[in-house]
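Undergrad: Before we start, here is the structure in question, set down as structure tokens.
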Amino acid sequence: MNEYDLLVVGSANADLVVGVERRPAAGETVLGSDLAVHPGGKGGNQAVAAARLGARTALLARVGDDAHGVLLLDAQRAAGVDTVGLLVGGAPTGVALITVDPSGDNSIVVSPGANARLTPDDIRAAGSLLAAARVVSAQLEIPLDTVAEVVRTLRPGTRFVLNPSPPAELPAEVLAACDPLVVNEHEARVVLGDAAGDTPEDWARGLLKLGPRSVVITLGAAGALTADGRTDSFVRVPSPRVDAVDTTGAGDAFTAALGWRLGLGDDLATAAAYAVRVGAAAVTREGAQSSYPTASELPPEVPSP
Ligand code: ADP
């Protein structure tokens, strides 16, 4: 019996957002709006998204011994995430300094802080947490060595889901464990380089050749493409049509929902059909974690074409 449907291993950041008339040039100072502080980071986002849907979820992450760390801990607890794996100290909590202009364009500086201090040793010390999860999900806002240690620590039968964001070259050992590798168009193109091709089906074929057991490509308003390397089946999964207000964190909500449903036994296309409903709901509200739906708030399933 698994204690957790989903264990997320990843980053937790405080997003510090200021609205400006104009983003400053070098040497310039501009005045902005009141500061807004939001819980973020891809790991924290995924954990909140899954817990809000009803998944038994834990987060393995590191924050600083500071006020931002407390804010992030509170946000996870409020969503129902088990924070037994939230480690504290070693560096300040990771922050994203975000300025947004009236057209919605933003400039972002990320200080990884404690996220960069989530080490392979931390993973080894969390062996019992990893062993208690059906599905383990990771991203790349923590060190790649740490993600590689997660893969080595997995028990046979535990499913591993990776969103390689921000995209980086991945060791064969990590790629081989992914079931699925989840990418958006940008991440697919970076991982594939010049050999990417033109269509999502091309990207999926190219990504499968790198070694993951399966691949999911998110396609924004168009939904997602699933590609299962075992059966060589490719399925286009349309997204419900919604009025998009803010797409921040939609991919994180999608990936968390996908991982959770796979752990419950859904096949890849069925899990993706659920995840696109979660992603679509997330874009109808402002923010990342604040936009994530409960199961009863999802738009209806789109009938397959
Ligand atoms: P990311 O947020 O990582 O860039 P995408 O833009 O592909 O990833 O979005 C992830 C998922 O969120 C999509 O697969 C889809 O389910 C949902 N989504 C994103 N944008 C929209 C939109 N405009 N309308 C409906 N669903 C959307």
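Under numbering that gives the first Met the number 0, read the sequence shown as residues 0 to 304, first letter to last. All C-beta atoms, glycine included, are put in the ideal place defined by N, C-alpha and C. Everything numeric in this text was worked out from a predicted model, so none of it was measured.
Given this structure, state the Cα-to-Cα distance separating V8 from A272, to the nearest angstrom.
TA: 24 Å
Undergrad: With L71 and V62 assumed to form a contact (beta carbons below 8 Å), what rounded beta-carbon distance in angstroms separates them?
TA: 5 Å
Undergrad: Determine contact between the stretch 2-21 and the stretch 131-144, defined as no fewer than three beta-carbon pairs at a distance below 8 Å.
TA: yes
Undergrad: At 4 residues or longer, what runs of the alpha helix (DSSP H) sit wholly inside the stretch 13-71?
TA: Along the length of the stretch 13-71, whole alpha helix (DSSP H) runs at least 4 residues long occupy 41-52, reported in chain order.
Undergrad: Buried or exposed for D14, please, with buried defined as at least 16 other CB atoms from any protein chain shown within 10 angstroms of its CB.
TA: buried
Undergrad: Hey, would you say the C-beta of A279 is under 7 Å away from at least one heavy atom of the ligand ADP?
TA: yes
Undergrad: Nearest to A49 by CA position, among G18, A268, G228 and V135, is which residue?
TA: The residue with the shortest Cα to Cα distance from A49 is V135.
Undergrad: Within the chosen definition, does the stretch 285-293 reach the stretch 223-237 through at least 3 CB pairs nearer than 8 Å?
TA: Between the stretch 285-293 and the stretch 223-237 there are fewer than three inter-stretch CB-CB distances shorter than 8 Å, so the stretches are not counted as touching.
Undergrad: Quick test of the definition: if touching needs 3 or more C-beta pairs under 8 Å, does the stretch 113-129 touch the stretch 87-97?
TA: yes
Undergrad: Beta carbon of W202, beta carbon of L52: below 8 Å?
TA: No, they are not a contact pair.
Undergrad: Please state the DSSP three-state secondary structure of A137.
TA: Three-state result, A137: strand.
Undergrad: Please state if the CB of S106 and the CB of T98 are separated by a distance shorter than 8 Å.
TA: Judged by beta-carbon spacing, S106 lies within the 8 Å limit of T98, meaning their Cβ atoms are closer than that value.
Undergrad: Comparing the C-beta of A249 with each C-beta of chain D, is any distance below 8 Å?
TA: Of the protein chains in this structure there is only one, and it is not chain D.
Undergrad: Quick one: give me the first and last residue of the alpha helix (DSSP H) that Y273 is part of.
TA: L267 to A281
Undergrad: Would you kindly report the start and end of the unbroken beta strand (DSSP E) that includes L207?
TA: Unbroken run through L207 is the alpha helix (DSSP H), P199 to K208; no beta strand (DSSP E).
Undergrad: Going by alpha carbons, who is nearest to L218 out of S32, G43, A274 and L263?
TA: A274
Undergrad: Classify R240: buried if its beta carbon has 16 or more other beta carbons within 10 angstroms, exposed otherwise.
TA: exposed
Undergrad: So what does DSSP say about V301, is it helix, strand or coil?
TA: coil
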